[in-house]
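J.: Got a structure for you, questions after.
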Amino acid sequence: MKSKKQVISREDLIKQSQDVLKQKGVENHSKAQYANEISKILIKNNNHIFFQQQPNVTAPKNKAWDEAFLIVLSYLKQLKLDYTVECLNREMESCKVPVPAGKPKLNISNFNSKTAKQTKNFQTRVQEFMAEMDNNPQQEDGDFEEIQESSDVVEEIHEQVPDIRGHSDSDKFEFSASSDDMEIEIENKPMPPPQQKNPPSPRKSNFDVNSSDFSLTDPFAGSGSFG
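Written as structure tokens, this is what we have:
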């Protein structure tokens, strides 16, 4: 008995295989290869368009930085992330940053186990916190300060502060409030009399007028002097 062959189009095959390719890391591998090819073009390119995209790597000169770099580099090599390692070394070399040599003092397997343990402890603390919040959904009255509506605050102010609109303008009211009991004291003090400004002194004129210098028939016959 001949088995029937199942025919599938290329589009359907690609559509059905997307999830499998992602799980196997094909998408990440393609992105790493793409980024590595871009770095080859950008690094040491004299075109001013690429200046902002070029790497600017700086590294502190201490043992802690060297150890951290070696741990990351060993982790990348163990996972066979060759494109990432190649791109990293190229950028470090272009910026004249020395790459630490040797092997990390901390074994990569021990590093992974410690990191996993810390992650597990953190997740456990989060779950304990959420369970505690579920067991105590309501807080006590004194835990949080009650927030009043703006209308309630305005009404409270009107009750505490007396109406001073009936007083004359010559009275000065000083308010003092205590932060403990919010008692308001009103002290009536007379306003000082307004100080009168000195009247402006008459401006002296440089124009001297003498009645004998003018004539009624010829007003321009005089000899008035102008300063």
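Counting from 1, one number per residue, gives the positions in the sequence shown under full-length UniProt numbering. For every residue, glycine included, the Cβ atom is placed at its ideal position computed from N, Cα and C.
1) Just how far apart, CA to CA, sit residue 87 and residue 7?
2) Considering only their Cβ atoms, is the gap separating residue 85 from residue 93 smaller than 9 Å?
3) I'd like the span of the alpha helix (DSSP H) that includes residue 85, first residue to last.
4) So, with DSSP's three-state summary, where would you put residue 51?
5) By the three-class DSSP mapping on this structure, what secondary structure does residue 6 have?
6) I need the boundaries of the alpha helix (DSSP H) containing residue 77, first residue and last residue.
7) Can you have a look at residue 227 and say buried or exposed, based on whether 16 or more other CB atoms are within 10 angstroms of its CB?
8) By the DSSP assignment, the alpha helix (DSSP H) with residue 42 in it spans what residues?
9) Across the segment 73–84 and the segment 25–37, are there enough close Cβ pairs to call them in contact, namely three or more that are closer than 8 Å?
10) Who are the near neighbours of residue 95 in its chain, counting only those whose CB is closer than 8 Å to its CB and skipping five residues on each side?
11) Use the C-beta contact count for residue 9: other C-beta atoms within 10 angstroms, 16 or more gives buried, fewer gives exposed.
12) Can you check whether the CB of residue 51 is closer than 9 Å to the CB of residue 41?
13) Excluding five sequence neighbours on each side, which residues of the same chain lie with their C-beta closer than 8 Å to the C-beta of residue 132?
14) Look at the Cβ atom of residue 74, then the Cβ atom of residue 44, and state whether they are nearer than 9 Å.
T.: To lay it out plainly:
1) Taking the straight line from one Cα to the other gives about 42 Å.
2) In this structure, residue 85 does not lie closer than 9 Å to residue 93 by Cβ.
3) Per DSSP, the continuous alpha helix (DSSP H) segment holding residue 85 begins and ends at 82–94.
4) In the structure shown, residue 51 sits in coil (DSSP, three-state: anything other than H, G, I, E or B).
5) Note: residue 6 maps to coil in three-state DSSP.
6) In the DSSP assignment, residue 77 falls within the unbroken alpha helix (DSSP H) covering 63–78.
7) Residue placement at residue 227 is flagged as unreliable, the pLDDT there being 44, under the threshold of 50; the coordinate-derived value follows with that caveat. An exposed status is given to residue 227, since fewer than 16 other beta-carbon atoms sit within 10 Å of its beta-carbon.
8) Residue 42: member of the alpha helix (DSSP H) spanning 26–42, first to last residue.
9) Contact holds: three or more Cβ-Cβ distances are below 8 Å.
10) Excluding sequence neighbours, residue 95 sits near 55, 56, 57, 58.
11) Its Cβ having fewer than 16 others within 10 Å, residue 9 is exposed.
12) Not in contact: residue 41 and residue 51 (Cβ atoms no closer than 9 Å).
13) Excluding the 5 residues flanking it on each side, residue 132 has no same chain C-beta neighbour closer than 8 Å.
14) For the 9 Å CB-CB criterion, residue 74 and residue 44 do not form a contact.
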